[in-house]
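Novice: Sharing a structure below in structure tokens format, with a few things to ask.
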Amino acid sequence: MKAEKFARAILSRIPGQDVMVQIQPDPRSIKFAEHACYLLIGGLRGLCGSIAIDWARLGAKHLAVMSRSGYDDETSQRVLREVEGMGCHIDLLQGDITILDDVRRVLSETSVPIRGILQGSMVLRDRPFPAMTIEEFHQAAGCKITGTWNIHNASQDLGLDLDFFTLLSSIASVLGGMAQANYAAGCSFLDAFAAYRRGLGLPAFSVNLGIIGEVGYMSRDEALLERHIGSVTTSIDEDLMRQIIRYTLLQQSEEPVSHSATSNIVTGIAVPQSGDSYLRLDKRFSHLFVGGDAQPWETEGGATRDTAHQARELKALLATQPKTADRGVVLELAIAVVSDYITHAMHLSEPVEPERSLAMYGIDSLAAVAFRNWARMELGAGLSTGDVTTAPSLVALCERIVDGYKE
Numbered sequence: 001m002k003a004e005k006f007a008r009a010i011l012s013r014i015p016g017q018d019v020m021v022q023i024q025p026d027p028r029s030i031k032f033a034e035h036a037c038y039l040l041i042g043g044l045r046g047l048c049g050s051i052a053i054d055w056a057r058l059g060a061k062h063l064a065v066m067s068r069s070g071y072d073d074e075t076s077q078r079v080l081r082e083v084e085g086m087g088c089h090i091d092l093l094q095g096d097i098t099i100l101d102d103v104r105r106v107l108s109e110t111s112v113p114i115r116g117i118l119q120g121s122m123v124l125r126d127r128p129f130p131a132m133t134i135e136e137f138h139q140a141a142g143c144k145i146t147g148t149w150n151i152h153n154a155s156q157d158l159g160l161d162l163d164f165f166t167l168l169s170s171i172a173s174v175l176g177g178m179a180q181a182n183y184a185a186g187c188s189f190l191d192a193f194a195a196y197r198r199g200l201g202l203p204a205f206s207v208n209l210g211i212i213g214e215v216g217y218m219s220r221d222e223a224l225l226e227r228h229i230g231s232v233t234t235s236i237d238e239d240l241m242r243q244i245i246r247y248t249l250l251q252q253s254e255e256p257v258s259h260s261a262t263s264n265i266v267t268g269i270a271v272p273q274s275g276d277s278y279l280r281l282d283k284r285f286s287h288l289f290v291g292g293d294a295q296p297w298e299t300e301g302g303a304t305r306d307t308a309h310q311a312r313e314l315k316a317l318l319a320t321q322p323k324t325a326d327r328g329v330v331l332e333l334a335i336a337v338v339s340d341y342i343t344h345a346m347h348l349s350e351p352v353e354p355e356r357s358l359a360m361y362g363i364d365s366l367a368a369v370a371f372r373n374w375a376r377m378e379l380g381a382g383l384s385t386g387d388v389t390t391a392p393s394l395v396a397l398c399e400r401i402v403d404g405y406k407e
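Counting along the sequence shown from 1, when you hit position 208 you're at 208 in the UniProt record's numbering, and nothing is skipped either side.
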């Protein structure tokens, strides 16, 4: 054979210039037992329907779904056809998760024994907390609190050997939610309950889901979606949501993906946070900002204004109960601080004009509750929601803040 048919290469090793090749492990796969059933609580119209399709694709042969409202709607029927088309049997069960007898019946009626449960029930009764009825609070929180206890107790009574118990929580339990004290309370319970079950040696994992843009209740309300997506949160698409759910299952296996997240994971919060994020006012989130601390945002003209610092200065001045001679200085600082807050909280393109009505900037009862809470926490101001919504102007609102310390 001719020499030119052979490729020639010279290998040499230069001391101190070794390149370390990082070994990437194969992606972990989900393994569903062939003769086991996996229960999704929450119907087929939203996230649970999407998850059911994903589990069928991953090889699940038996699924069960629990819902109060049934499965006659078009979306549920489409999901049902797709799941069954992949050779997966699905039991359609109806009941109220807050009723223990219903939960016991559902856990006993599946065609094969249940080995995994996903708790995805959700009821929304959004209303500012001062106006919220006790019924509205329990309707939103009950399906998560009472319902989860019922699943836990019934599964224990029936001796179910679960591989996983995934709880769909929300970033509302981390960031709060406007007019969602009931929903946030329920989600906070789920996070704590997952840790409680892990402490008992039982599988459990809660996931604080962020904003899902392609499936679920928010995807059906464009205005609501736009209102929630901002500098603080980031939207999660359907594929990423499914990957997150798979991760929660792996975290409950004998060999978890990560040993640092034992019972909970938070998703959907932008990292790093932008300078105009309201989280800059809360030191619990300082690690989400570049440099480990909240950075002041840039205003028009390139100048920077550290509103957090100004707010602390204003709070100190207000606490000294300034004399009448100092009132003008304090009022001017209050107008600057409150104007910056409203401008960024309401995503305004221009600063608030001091003499214009706040209603013209979209300050409704929900925004007023958020402002009242901020003013109480950052300024020590005891405002009511009515003080905010009825203020004829920014100046009048700030006068109420300044003069309120004298009352």
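Even for Gly, the Cβ is constructed at its ideal location relative to N, Cα and C.
Given phenylalanine 285, which residues of its chain have a CB within under 6 angstroms of its CB, disregarding the five upstream and five downstream residues?
Specialist: The count along the sequence shown starts at 1 and reaches residue 285 at position 285. Excluding residues within five positions, the ones whose Cβ falls inside 6 angstroms are Leu279.
Novice: What residues in its chain sit with their C-beta under 6 angstroms from that of proline 354, if we drop five residues either side in the sequence?
Specialist: The residue you call residue 354 lines up with position 354 of the sequence shown. So the list reads Ile335, Leu394 and Val395, once near-sequence residues are dropped.
Novice: Given a cut-off of 7 angstroms on the beta-carbon distance, is the pair serine 235 and glycine 213 in contact?
Specialist: Locating residue 235 in the sequence shown gives position 235, counting from the first residue. Locating residue 213 in the sequence shown gives position 213, counting from the first residue. A contact, by the Cβ cut-off of 7 angstroms.
Novice: At what residues does the alpha helix (DSSP H) containing methionine 241 begin and finish?
Specialist: Residue numbering aside, residue 241 sits at position 241 when the sequence shown is read from its first letter. Note, methionine 241: alpha helix (DSSP H), 238–250.
Novice: In whole angstroms, what separates the C-alpha of arginine 198 from that of threonine 148?
Specialist: Position 198 of the sequence shown holds residue 198. Position 148 of the sequence shown holds residue 148. Those two C-alpha atoms are separated by around 14 angstroms.
Novice: Under 6 angstroms Cβ to Cβ from phenylalanine 164, same chain only, skipping five residues before and after it: list those, please.
Specialist: What you label residue 164 is simply residue 164 of the sequence shown in a count that begins at 1. Correct list, in chain order: Gly116, Pro203, Leu249 and Gln252.
Novice: Judging by CA-CA distance, which residue of Gly404, Ile41 and Val112 is the nearest neighbour of alanine 33?
Specialist: Within the sequence shown, numbered from 1, the residue matching residue 33 stands at position 33. Ranking the options by Cα distance to alanine 33, first place goes to Val112.
Novice: Just to confirm, are asparagine 264 and aspartate 191 a CB contact at a threshold of 7 angstroms?
Specialist: Position 264 of the sequence shown, counting from 1, holds the residue named residue 264. Position 191 of the sequence shown, counting from 1, holds the residue named residue 191. For asparagine 264 and aspartate 191, yes; Cβs fall inside 7 angstroms.
Novice: Once the 5 residues before and after glutamine 139 are set aside, which same chain residues still bring their CB inside 6 angstroms of it?
Specialist: Residue 139 sits at position 139 when you count from the first residue of the sequence shown. Counting only Cβ-Cβ distances below 6 angstroms, and skipping sequence neighbours, we find Val123 and Arg125.
Novice: Could you check what DSSP says for isoleucine 14 in three-state terms: helix, strand or coil?
Specialist: Taking the first residue of the sequence shown as 1, we reach residue 14 at position 14. Residue state, collapsed to three classes: coil.
Novice: Is leucine 107 closer than 7 angstroms to alanine 36 when the C-beta atoms are compared?
Specialist: For the purposes of this step, residue 36 is identified with residue 36 of the sequence shown, where counting begins at 1. For the purposes of this step, residue 107 is identified with residue 107 of the sequence shown, where counting begins at 1. In this structure, leucine 107 does not lie closer than 7 angstroms to alanine 36 by Cβ.
Novice: Would you list the residues sitting across from serine 260 in a DSSP beta bridge?
Specialist: By 1-based counting over the sequence shown, the position of residue 260 is 260. For serine 260, which the question treats as bridged, DSSP gives no partner whatsoever.
Novice: With which residues is glycine 116 paired in a DSSP beta bridge?
Specialist: For the purposes of this step, residue 116 is taken as the residue at position 116 of the sequence shown. Answer is Tyr38 and Phe164, bridged to glycine 116.
Novice: Measuring alpha carbon to alpha carbon, tell me which residue in Arg78, Asp364 and Phe371 is nearest serine 339.
Specialist: Stepping through the sequence shown from its first residue, residue 339 is reached at position 339. The residue with the shortest Cα to Cα distance from serine 339 is Phe371.
Novice: Within 10 Å of its beta-carbon, does glycine 302 have 16 or more other beta-carbons around it, so buried, or fewer, so exposed?
Specialist: As a working mapping, residue 302 is identified with position 302 in the sequence shown. In this prediction, glycine 302 scores a pLDDT of 35, lower than 50, which makes its location untrustworthy; no coordinate-derived value is stated.
Novice: Using a Cβ distance threshold of 8 angstroms, determine whether the stretch 81–97 contacts the stretch 51–63, with at least three qualifying pairs required.
Specialist: With a cut-off of 8 angstroms, the stretch 51–63 and the stretch 81–97 count as touching, because enough Cβ pairs lie within range.
Novice: Give the straight-line distance between the Cα atoms of tyrosine 247 and methionine 241, rounded to the nearest whole angstrom.
Specialist: Within the sequence shown, residue 247 is the residue found at index 247, counting from 1. Within the sequence shown, residue 241 is the residue found at index 241, counting from 1. Roughly 10 angstroms between the two C-alpha positions.
Novice: Need the endpoints of the beta strand (DSSP E) that isoleucine 335 sits in, please.
Specialist: The residue given as residue 335 occupies position 335 in the sequence shown. Run containing isoleucine 335: none in the beta strand (DSSP E); it sits in the alpha helix (DSSP H), 327–345.
Novice: Given that a residue counts as buried once 16 or more other Cβ atoms are within 10 Å of its Cβ, and exposed if not, what is alanine 381?
Specialist: The count along the sequence shown starts at 1 and reaches residue 381 at position 381. Per the 10 Å Cβ criterion, buried.
Novice: If you reduce the DSSP assignment to three classes, tell me which class alanine 303 lands in.
Specialist: If you number the sequence shown from 1, residue 303 lands on position 303. Confidence at alanine 303 is low in this model, with a pLDDT of 34, below 50, so its placement is unreliable and no value can be given for it.
Novice: Rounded to the nearest angstrom, what separates glutamate 364 and glycine 404 at their Cα positions?
Specialist: For the purposes of this step, residue 364 is taken as residue 364 along the sequence shown, with counting starting at 1. For the purposes of this step, residue 404 is taken as residue 404 along the sequence shown, with counting starting at 1. Reading the sequence as shown, one finds aspartate at residue 364 and not glutamate. The straight-line gap from Cα to Cα measures roughly 22 angstroms.
Novice: Using the Cα positions of glutamate 407 and arginine 400, report the straight-line distance between them to the nearest angstrom.
Specialist: Counting from one through the sequence shown, the residue named residue 407 turns up at place 407. Counting from one through the sequence shown, the residue named residue 400 turns up at place 400. Confidence at glutamate 407 is low in this model, with a pLDDT of 49, below 50, so the placement of that residue should be treated as unreliable; the coordinate-derived value is given next. The alpha-carbon atoms of glutamate 407 and arginine 400 are separated by roughly 10 angstroms.
Novice: Just to confirm the assignment: which complete beta strand (DSSP E) runs, minimum length 3, are found wholly within the stretch 66–123?
Specialist: Runs found: 89–94 and 114–119.
Novice: Using C-beta distances below 7 angstroms, list every residue in its chain close to leucine 93, excluding the 5 sequence neighbours before and after it, in chain order.
Specialist: One-based indexing of the sequence shown puts residue 93 at position 93. So the qualifying residues of the chain are Ala64, Val65, Met66, Val106 and Glu109.
Novice: Would DSSP call cysteine 398 helix, strand or coil?
Specialist: As a working mapping, residue 398 is identified with position 398 in the sequence shown. Helix, per DSSP.
Novice: If distances are taken between C-alpha atoms only, which option among Ala56, Val352, Trp55 and Leu44 comes closest to serine 69?
Specialist: Stepping through the sequence shown from its first residue, residue 69 is reached at position 69. Nearest C-alpha to serine 69: Leu44.
Novice: How should isoleucine 23 be labelled, buried or exposed, when 16 other C-beta atoms within 10 angstroms of its C-beta is the threshold for buried?
Specialist: Here residue 23 refers to the residue found at position 23 when the sequence shown is read from its first residue. Answer is exposed; the Cβ neighbour count stays below 16.
Novice: DSSP three-state call for threonine 385: helix, strand or coil?
Specialist: Position 385 of the sequence shown, counted from the first residue, corresponds to residue 385. Correct three-state label for threonine 385: helix.
Novice: Taking 7 angstroms as the cut-off, decide whether the C-beta atoms of alanine 179 and proline 128 are in contact.
Specialist: Indexing the sequence shown from 1 puts residue 179 at position 179. Indexing the sequence shown from 1 puts residue 128 at position 128. Taking 7 angstroms as the Cβ cut-off, alanine 179 and proline 128 qualify as a contacting pair.
Novice: What do you get for glycine 159, buried or exposed, if any count of 16 or more other CB atoms within 10 angstroms of its CB means buried?
Specialist: On the sequence shown, residue 159 is found 159 positions in, with the first residue counted as 1. Flag for glycine 159 reads exposed.
Novice: Taking asparagine 150 and valine 174 to be in contact with their CB atoms under 8 angstroms, please state how far apart those CB atoms are, rounded to whole angstroms.
Specialist: Translated into positions along the sequence shown, residue 150 becomes position 150. Translated into positions along the sequence shown, residue 174 becomes position 174. Contact flag wrong, Cβ pair sits at about 25 angstroms.
Novice: Just to confirm my understanding: we take serine 121, look at its own chain, exclude 5 residues before and 5 after, and list those with CB closer than 6 angstroms. What are they?
Specialist: In the sequence shown, counting from the first residue as 1, residue 121 sits at position 121. These residues qualify, in order along the chain: Ile41, Gly42, Ile97, Cys143 and Gly147.
Novice: Can you list, in chain order, the residues of its chain with a C-beta nearer than 7 angstroms to that of serine 357? Leave out the 5 residues immediately preceding and following it.
Specialist: Position 357 of the sequence shown, counted from the first residue, corresponds to residue 357. Excluding sequence neighbours, serine 357 sits near Pro392 and Ser393.
Novice: Can the beta-carbon of glycine 49 be found closer than 7 angstroms to that of valine 79?
Specialist: Your numbering for residue 49 matches position 49 in the sequence shown. Your numbering for residue 79 matches position 79 in the sequence shown. For glycine 49 and valine 79, yes; Cβs fall inside 7 angstroms.
Novice: What number of angstroms, rounded off, separates the C-alpha of lysine 31 from the C-alpha of alanine 56?
Specialist: Within the sequence shown, residue 31 is the residue found at index 31, counting from 1. Within the sequence shown, residue 56 is the residue found at index 56, counting from 1. Rounded to whole angstroms, lysine 31 to alanine 56 spans 11 angstroms at the Cα level.
Novice: What does a CB cutoff of less than 7 angstroms around serine 12 pick up in its chain, not counting 5 residues either side in sequence?
Specialist: Numbered from 1 along the sequence shown, position 12 holds the residue referred to as residue 12. Excluding residues within five positions, none has a Cβ falling inside 7 angstroms.
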